[in-house]
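Residue numbers (my numbering): 85 to 334. Glycine included, C-beta positions come from ideal geometry on N, C-alpha and C. It should be emphasised that the depicted structure is a prediction, and the values quoted were computed from it without experimental measurement.
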Amino acid sequence: TPSQHLTTTAAAVSKMLLSSEKPKSQGRVDARNIDGSTPLCDACASGSIECVKVLLSHGAKVNPPLYTASPLHEACMNGSSDCVQLLIDVGANLEAHDCHFGTPLHVACAREHLDCVKLLLKAARVQEALLNFTLTSLFSFLVSGANVNAAKLHETALHHAAKVKNVDLVEMLIEFGGNIYARDNRGKKPSDYTLRSSPTAKCFEYYEKTPLSLSQLCRVTVRKAAGQRALEKIARLNIPQRLIQYLSYN
Numbered sequence: 085t086p087s088q089h090l091t092t093t094a095a096a097v098s099k100m101l102l103s104s105e106k107p108k109s110q111g112r113v114d115a116r117n118i119d120g121s122t123p124l125c126d127a128c129a130s131g132s133i134e135c136v137k138v139l140l141s142h143g144a145k146v147n148p149p150l151y152t153a154s155p156l157h158e159a160c161m162n163g164s165s166d167c168v169q170l171l172i173d174v175g176a177n178l179e180a181h182d183c184h185f186g187t188p189l190h191v192a193c194a195r196e197h198l199d200c201v202k203l204l205l206k207a208a209r210v211q212e213a214l215l216n217f218t219l220t221s222l223f224s225f226l227v228s229g230a231n232v233n234a235a236k237l238h239e240t241a242l243h244h245a246a247k248v249k250n251v252d253l254v255e256m257l258i259e260f261g262g263n264i265y266a267r268d269n270r271g272k273k274p275s276d277y278t279l280r281s282s283p284t285a286k287c288f289e290y291y292e293k294t295p296l297s298l299s300q301l302c303r304v305t306v307r308k309a310a311g312q313r314a315l316e317k318i319a320r321l322n323i324p325q326r327l328i329q330y331l332s333y334n
């Protein structure tokens, strides 16, 4: 069972903590239970950041093949923002699809974990040493972060946010470029899942009548061109600090 596997994982991690040696076999640290979960998946599901760190230090795969849900999906399901950030930092695939929700962003939205959603949307990773940035050089980076409009069966994160009736979540996704007109496999827009006159419905109505401002559209365009992992690179741009803060959604 998952609980038994987690107990086994904890025991294995404890043994690793007492030993400075790496596992003799990669398969040991990535062993799967009957559900296909690896120890790293279970550690993320429980929100145990220390277990996650130990497993990663001993070679656990952050993007295991043939999974039901990846470690990042599990961390988003649990709402462990610390685990989410760590997984992002070590190269977790932000666009991986599980068999239930879709991407990690879908999971975080369905479970209303706003901190995790924001981390995924603002995912930043310095992949190389970069100095003397200019705005022009920003457009040469093609490493993308969490796609706010990624879909599974045409269902986007915004559809999930509408279903859970979370106004803050809806606003955040739209600010990051969420498409309010996207239709799922039932032909429904996100707003079609809200109740008339509810706060969520009024939020969608506002954005339908009041499109994003030119500055907001420019920010979304720059972020798409730069890649949403580029926040730390944006911070080094030779442009006014106020503009850097705006591009970084601060």
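Looking at residue i: is its Cβ nearer than 9 Å to the Cβ of residue j?
i           : j           : result
residue 241 : residue 193 : yes
residue 132 : residue 153 : no
Taking only the alpha-carbon atoms, compute the straight-line gap between residue i and residue j and give it to the nearest angstrom.
i           : j           : result
residue 190 : residue 163 : 13 Å
residue 327 : residue 136 : 36 Å
residue 268 : residue 206 : 25 Å
residue 271 : residue 246 : 15 Å
residue 303 : residue 331 : 6 Å
residue 231 : residue 186 : 12 Å
residue 319 : residue 171 : 22 Å
residue 175 : residue 298 : 33 Å
residue 288 : residue 161 : 25 Å
residue 235 : residue 273 : 13 Å
residue 258 : residue 129 : 28 Å
residue 180 : residue 290 : 32 Å
residue 138 : residue 249 : 37 Å
residue 146 : residue 275 : 35 Å
residue 255 : residue 112 : 43 Å
residue 114 : residue 296 : 45 Å
residue 200 : residue 168 : 7 Å
residue 280 : residue 301 : 28 Å
residue 251 : residue 286 : 9 Å
residue 233 : residue 305 : 14 Å
If we count the other Cβ atoms within 10 Å of its Cβ and call it buried at 16 or more, is residue i buried or exposed?
i           : result
residue 150 : exposed
residue 293 : exposed
residue 157 : buried
residue 118 : exposed
residue 307 : buried
residue 188 : buried
residue 126 : buried
residue 334 : exposed
residue 284 : buried
Pop quiz: residue i and residue j are said to be a contact at Cβ under 8 Å. What is the actual Cβ separation, rounded to whole angstroms?
i           : j           : result
residue 203 : residue 165 : 6 Å
residue 243 : residue 277 : 7 Å
residue 253 : residue 196 : 6 Å
If you measure from the CB of residue i, is any heavy atom of the ligand ATP nearer than 8 Å?
i           : result
residue 171 : This structure lacks the ligand ATP, and indeed carries no ligand of any kind.
(request) Pick out the complete alpha helix (DSSP H) segments inside the segment 160 to 204, 4 residues or longer, and give them in chain order. (result) 165 to 173, 188 to 194
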